[in-house]
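Report on one structure; see the data block that follows.
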């Protein structure tokens, strides 16, 4: 994290954090599933965006900000613990999956969603140690497959819609200077 | 979607199926439908589903849950927890709980209380 934190990068990260928070709140209002613990994970599209079109440090910072702020605003300490576990593990898996060959953003998204749900279930395991947790695992895995595909598709078309060149952190002015210099 | 995406999707679904089978195999069988209340990891109370009663689980520190068993089935009548998911959970009919896919549990995560409804099995 050296010279990258210029005003543009900070503004972009702030914007992405706001989008992630609003999406997280928005899906909280949608009674899509009715199954406790299952949500769409719309905020994950923002994280995928950061991972694909920005860089890993930005994605990590975004995840921490999203979890911390939405915990303070909407959830509470217990909820924050769950989403932090989910956030850390899913981001780690997605960073690794992004590097793996032959995976599209949809595959990365499915893996991220699965890791998120499994991590939350493991935290729940420490809270209540029963077979109820095991009984809930298939539900969460199935949900992860569905929501992973959905958010992956959203991410794919978002990437396509946004011109990556226009949104990518501007390379420091050096590049332009070197271009100018080289012909002379 | 690329080929490996499909492989990942397939393995997640396979894992779901495995976990489902495992949880079904681990469910205890008893001659009559039973209701088991767990607090934390330990069994708190086990009763027959046809013995209508109200079970109050008071863990102190403002953590209280009330489970009601009556002719309608089993439900969480009251909970001090914040999210109230357990209270909004549908009533479980003990005669029907094996047909409720994975839904024979009422879980109150904040208070660490779980209620399992097991249908009547063949042999104890």
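Residue numbers (the working numbering), protein chains in the order written: chain A, 1 to 184; chain B, 1001 to 1124.
Idealized CB from N, CA, C, for every residue including glycine.
Option nearest residue i by Cα separation, candidates the options
i	options	result
residue 1010 of chain B	A:28, A:84, A:100 and A:144	A:144
residue 1119 of chain B	B:1109, B:1106, B:1093 and B:1108	B:1093
residue 1079 of chain B	B:1072, B:1073 and B:1088	B:1088
residue 17 of chain A	A:55, A:69 and A:53	A:69
residue 1075 of chain B	B:1042, B:1105, B:1063 and B:1059	B:1105
residue 146 of chain A	A:97, A:117, A:159 and A:85	A:117
residue 51 of chain A	A:40, A:74, A:104 and A:23	A:104
residue 1039 of chain B	B:1023, B:1060 and B:1048	B:1060
residue 21 of chain A	A:57, A:83 and A:5	A:83
residue 231 of chain A	A:121, A:124, A:159 and A:76	Here chain A comprises residues numbered 1 to 184, so residue 231 of chain A is not present and cannot be evaluated.
residue 23 of chain A	A:6, A:79, A:75 and A:46	A:46
residue 142 of chain A	A:85, A:123 and A:114	A:114
residue 1069 of chain B	B:1111, B:1084, B:1015 and B:1050	B:1050
residue 119 of chain A	A:63, A:89 and A:153	A:89
residue 58 of chain A	A:11, A:71 and A:74	A:11
residue 1116 of chain B	A:124, A:110, A:133 and A:101	A:133
residue 1081 of chain B	B:1090, B:1001, B:1114 and B:1046	B:1114
residue 1065 of chain B	B:1025, B:1004, B:1044 and B:1073	B:1044
Listed by chain order, chain B residues near residue i by CB distance under 9 Å
i	result
residue 76 of chain A	1082
residue 114 of chain A	1008, 1012 and 1015
Contact list for residue i against chain A, beta-carbon separation under 9 Å
i	result
residue 1110 of chain B	78 and 127
residue 1058 of chain B	Near residue 1058 of chain B there are no residues of chain A at all, since even the closest Cβ is about 17 Å away, more than 9 Å.
residue 1076 of chain B	Correct list: empty, because the minimum Cβ distance to chain A is about 12 Å.
According to DSSP, residues forming a beta bridge with residue i
i	result
residue 1034 of chain B	B:1048 and B:1118
residue 1042 of chain B	B:1039
residue 1105 of chain B	B:1116
residue 976 of chain B	No statement about residue 976 of chain B is possible, as the shown extent of chain B runs from 1001 to 1124 and does not include it.
Within chain B, the residues that residue i reaches when beta carbons sit closer than 7 Å
i	result
residue 17 of chain A	Simply none; closest approach about 25 Å.
Under 8 Å by beta carbon: chain B residues contacting residue i
i	result
residue 124 of chain A	1109
Listed by chain order, chain A residues near residue i by CB distance under 8 Å
i	result
residue 1050 of chain B	Those do not exist, as residue 1050 of chain B stays about 23 Å from chain A at its closest Cβ, beyond 8 Å.
residue 1120 of chain B	The premise fails here: residue 1120 of chain B is roughly 19 Å from chain A at the closest Cβ pair, so nothing lies under 8 Å.
residue 1019 of chain B	134, 137, 138 and 141
Contact set between residue i and chain A, taken where Cβ atoms lie within less than 7 Å
i	result
residue 1033 of chain B	Neighbours of residue 1033 of chain B on chain A: none; closest Cβ ~17 Å, over 7 Å.
residue 1004 of chain B	102, 103 and 107
Near the ligand ADP: residue i beta-carbon under 8 Å from a heavy atom
i	result
residue 5 of chain A	Although the ligand ADP was asked about, the structure shown includes no ligands whatsoever.
What beta strand (DSSP E) runs, 3 residues minimum, are completely inside the region 1051 to 1078 of chain B?
-> Counting only runs of at least 3 residues, the region 1051 to 1078 of chain B fully encloses the following beta strand (DSSP E) elements, listed from N- to C-terminal order: 1053 to 1058 and 1064 to 1070.
Residue ranges of each beta strand (DSSP E) run of no fewer than 3 residues wholly in the region 53 to 87 of chain A, ordered along the chain?
-> Entirely contained in the region 53 to 87 of chain A, not one beta strand (DSSP E) run reaches 3 residues.
Interface residues of the region 80 to 110 of chain A facing chain B [CB-CB below 7 Å] | Residues passing the 7 Å Cβ filter: 102, 103, 104, 106, 107 and 110.
Taking a cut of 7 Å between CB atoms, which residues from the region 137 to 148 of chain A lie near chain B?
-> So the close ones are 137, 138, 139, 141, 142, 144 and 145.
Hey, which unbroken runs of the alpha helix (DSSP H) at 4 residues or more fall wholly within the region 101 to 166 of chain A?
-> Here the runs fully enclosed are 105 to 127 and 131 to 161.
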